[in-house]
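This report refers to the structure that appears directly beneath it.
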Amino acid sequence: MVAITVILAAVIAAFVFGMGPPEQAPQASIRMTDVNANNITLQNQGGDPIDLSKTTLTVTQGDNVLRIAPMNATGGTEYVGGDVLKIDTNTGIILLNGVQAHDGTGVTGNFSVQSGGQQVSVTLIDTVSGQMIANMNYRV
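Just so we're aligned: 103 in my numbering is position 94 of the sequence shown, and the numbers increase by one with no gaps anywhere.
Here is the structure:
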């Protein structure tokens, strides 16, 4: 009887002190619309707003990796349905609807996208939950 009471008290305390459901990544439909030697274009086709200051972007092609974390250091920049992101793989500069959203500082890696059938992969990760928002592949 005492053991059951202790276990029940622990379960109730866990719920009362904030052990609720884990954070969930925003859900959005994102499409890679263009890939060329220096730029990758992503279009948000709808869903939850994505806070770029809480999002990591990784671009890979073969052994080449570009990582931008976070995609916007100033915060308050949301990527919503209809918005277009353009990523410069040489500098890490990101344009959101033609306006600079990331200046290329703190970027890991850079490269020119090579054509010839090699796949380019782009992944967006929500840094709060650690969950994937999108994973796209494009053969160039």
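Positions of the beta carbon are idealized from the N, C-alpha and C atoms, including for glycine.
For Thr65, which of helix, strand or coil comes out of DSSP? strand
How about Ile77 and Thr65: are their beta carbons less than 8 Å apart? yes
For Asn81 versus Gly101, is the C-beta distance shorter than 8 Å? no
Assess contact between the stretch 86-96 and the stretch 37-51, defined as three or more Cβ pairs (one per stretch) separated by less than 8 Å. Is contact present? yes
State the start and end residues of the unbroken beta strand (DSSP E) segment that holds Met141. Met141 to Arg148
Same chain, Cβ closer than 8 Å to Ser124, neighbours up to 5 away in sequence not counted: Ala46 and Val149
So the beta strand (DSSP E) Thr50 belongs to, where does it begin and stop? Asn48 to Gly56
Is DSSP giving Val11 helix, strand or coil here? helix
Per-residue DSSP class, three states only, for Ala37: strand
In whole angstroms, give me the CA-to-CA distance for Ala12 and Ala19. 11 Å
Three-state class that DSSP yields for Ala110 in the structure shown: Under the three-state reduction of DSSP, Ala110 is assigned to strand.
Just checking my contact of Pro79 with Leu61 at CB under 8 Å: how many whole Å lie between their CB atoms? 7 Å
Alpha carbons only, please: which of Val129, His111, Phe26 and Thr42 is nearest the one belonging to Gly91? Among Val129, His111, Phe26 and Thr42, the Cα nearest to that of Gly91 is on Thr42.
Helix, strand or coil at Val20 according to DSSP, with G and I counted as helix: helix
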